[in-house]
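Below is one structure, written out as structure tokens; comments come after it.
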Amino acid sequence: MDTLSDSAAYWPPFAEPGHAELELAVAAMSPADRLARFWRMQEIAVARSWALVERSGLLDPMARVELVLRSRYPEWSDAEVDRLLAAIRDRDGASVWLDRLQARSAEIKAALDRDRGDRDPTERR
């Protein structure tokens, strides 16, 4: 039977307040609930990406796309970002990509607003 090395099995202490509680809550979720939570977080990231573009003051469409990519994927190398920027430029162009981002962000924001309206206003978020 394979076993994990001590370093692979090491679980670092939580540095952020609430992180341990979050880990426990996620562990208690069903796989379907975890998947739904993952997709909700992805949607929120899309909406935040468009908000970042709007606040940036950048006018050049490719610069706006690059801002989104670098903020969403800070671990990517310059070469990886450049390859994706080239693909966006070649496929549809930055303006079309940004239009799609804006439209999807508006859909997500409307859904989030609807969800908030369905909650008890005294409920803690």
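Numbering (my numbering), first residue to last: 1282 to 1406. All residues carry an ideal CB built from backbone N, CA and C; glycine is no exception.
Who are the near neighbours of residue i in its chain, counting only those whose CB is closer than 7 angstroms to its CB and skipping five residues on each side?
| i | result |
| --- | --- |
| R1406 | Bear in mind that a pLDDT of 46 at R1406, under 50, signals an unreliable position, so the number given afterwards is only what the model happens to contain. Cβ within range, chain order: n/a, list empty. |
| V1346 | L1366, I1369, A1375, W1378, L1379 |
My understanding is that residue i touches residue j, with C-beta atoms under 8 angstroms, so please give their C-beta distance in whole angstroms.
| i | j | result |
| --- | --- | --- |
| Q1383 | W1331 | 6 angstroms |
How big is the Cα-Cα spacing for residue i and residue j?
| i | j | result |
| --- | --- | --- |
| D1359 | A1391 | 34 angstroms |
| E1324 | E1356 | 20 angstroms |
| A1306 | A1326 | 21 angstroms |
| P1342 | V1362 | 15 angstroms |
| D1394 | S1386 | 12 angstroms |
| M1322 | V1334 | 19 angstroms |
Among the candidates the options, whose CA atom is the shortest distance from the CA of residue i?
| i | options | result |
| --- | --- | --- |
| I1389 | L1348, R1329, L1350 | R1329 |
Starting from the C-beta of residue i, find all residues in its chain whose C-beta is less than 6 angstroms away, skip the five residues before and the five after it, and write them out in chain order.
| i | result |
| --- | --- |
| S1337 | L1348 |
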